[in-house]
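Before any comments, here is the structure.
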Amino acid sequence: MYWRFGKKTFEGKEKGDPRTFEIYLFAYDEDFHVLGETKLDELKTMPSTYFFKDGKLWSYVNVEDELGFAVFTFNF
Numbered sequence: 087m088y089w090r091f092g093k094k095t096f097e098g099k100e101k102g103d104p105r106t107f108e109i110y111l112f113a114y115d116e117d118f119h120v121l122g123e124t125k126l127d128e129l130k131t132m133p134s135t136y137f138f139k140d141g142k143l144w145s146y147v148n149v150e151d152e153l154g155f156a157v158f159t160f161n162f
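If you read the sequence shown in the numbering used here, its first letter stands for residue 87, the second for the next number, and so on.
This is how it looks when you write it as structure tokens:
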């Protein structure tokens, strides 16, 4: 199985407004057929440090200057 992150970018309404993003995770089989996709509402930016363990996606997050993890379970 293969995984890929994707994002949609939305420009601000006014010049100088920040961009916003929708983050998605896609799953593919060994022939690259899409098995499923899910929107990750908990994420506001593309993860840069993450890993998979026990079938779950673990992403590092900063919680008040302490290391934390956002853990995602997928049911494709």
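No residue lacks a Cβ here, since even glycine has one placed at the ideal position from N, Cα and C.
These numbers come from a predicted model, not from an experiment.
Buried versus exposed call for residue i [16 or more other C-beta atoms within 10 Å across all chains shown]
| i | result |
| --- | --- |
| L121 | exposed |
| L153 | exposed |
Spatial distance of residue i from residue j (CA atoms)
| i | j | result |
| --- | --- | --- |
| Y114 | W144 | 19 Å |
| F137 | N148 | 16 Å |
| M132 | K93 | 7 Å |
| D151 | M87 | 34 Å |
Same chain only: Cβ atoms within 6 Å of residue i, ignoring 5 sequence neighbours per side
| i | result |
| --- | --- |
| R157 | In the sequence under discussion, the amino acid at residue 157 is Val, which differs from the Arg named in the question. Excluding positions up to five away in sequence, the list reads K142, W144. |
| P104 | G98 |
Other residues of its chain near residue i: CB distance less than 8 Å, five sequence neighbours each side excluded
| i | result |
| --- | --- |
| K130 | T106, F107, I109 |
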